Amino acid sequence: MDASHECDLTGTALALALLRHHSDSVYLMDPDGRLTMVNRAAAAELGLDDASRVQGRHWTQIWTCLDHETLRAGLVEAAEGEAVRMTLHCPGLEGEDQHRAVTLCPIEGNDGRIAKILCIAHAAAG
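Position in the sequence shown (first residue = 1) + 22 = the numbering used here.
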């Protein structure tokens, strides 16, 4: 490959490209829970044709999970630097019961403070 076709495949651009095309639902949010990115799988799960419609909204406002206290507690732990795993009961768009395996991963900025929280969710055995 010559120099004109080289590109930097490290850092934020690569990570965001991978998350956007991940087959699981991916939500990227600020430590306070405000959404900054939702991938296609998450948008489809939420019944959205435009994922940008939820940017800036709080994660607990858009998730149909029945246990918002568990969501809030998990978000607080992640904002404090702890990875969190939980299984939540959520009604689906069609009203069917679903169990979602959720992982919240804190992401540190260059200054060592939590800059973002990554949420990855997928169907779990109920």
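Where a beta carbon is used, it is the ideal one built from N, C-alpha and C, also for glycine.
Since we're looking at a predicted model, the values are computed, not measured.
Relative to the C-alpha of residue 110, which candidate in 76, 54 and 143 has its C-alpha closest?
The shortest Cα separation from residue 110 among 76, 54 and 143 belongs to 143.
Sub-8 Å separation of residue 83 and residue 58 beta-carbons:
no
Which residues DSSP lists as bridging residue 119, in chain order:
113
From the DSSP output, in three-state form, read off residue 24 for me.
Residue confidence for residue 24 is low, a pLDDT of 48 falling below 50, so the modelled location carries little weight; the figure read from the coordinates is stated next. Coil at residue 24, not helix or strand.
Please state whether the Cβ-Cβ distance between residue 75 and residue 61 is less than 8 Å.
no
Nearest-angstrom Cα distance between residue 81 and residue 97?
9 Å
By DSSP, does residue 92 sit in helix, in strand, or in coil?
helix
For residue 102, which three-state DSSP category applies?
coil
Which class does residue 82 belong to by DSSP, given the choice of helix, strand or coil?
Helix at residue 82.
Counting only the same chain and skipping the five closest in sequence on each side, list residues whose C-beta sits under 8 Å from that of residue 93.
81, 82, 85, 87 and 110
Start-to-end residues for the beta strand (DSSP E) that takes in residue 145
Secondary structure note for residue 145: its beta strand (DSSP E) is the uninterrupted segment 136–145.
Per DSSP, residue 130 is paired with what?
136
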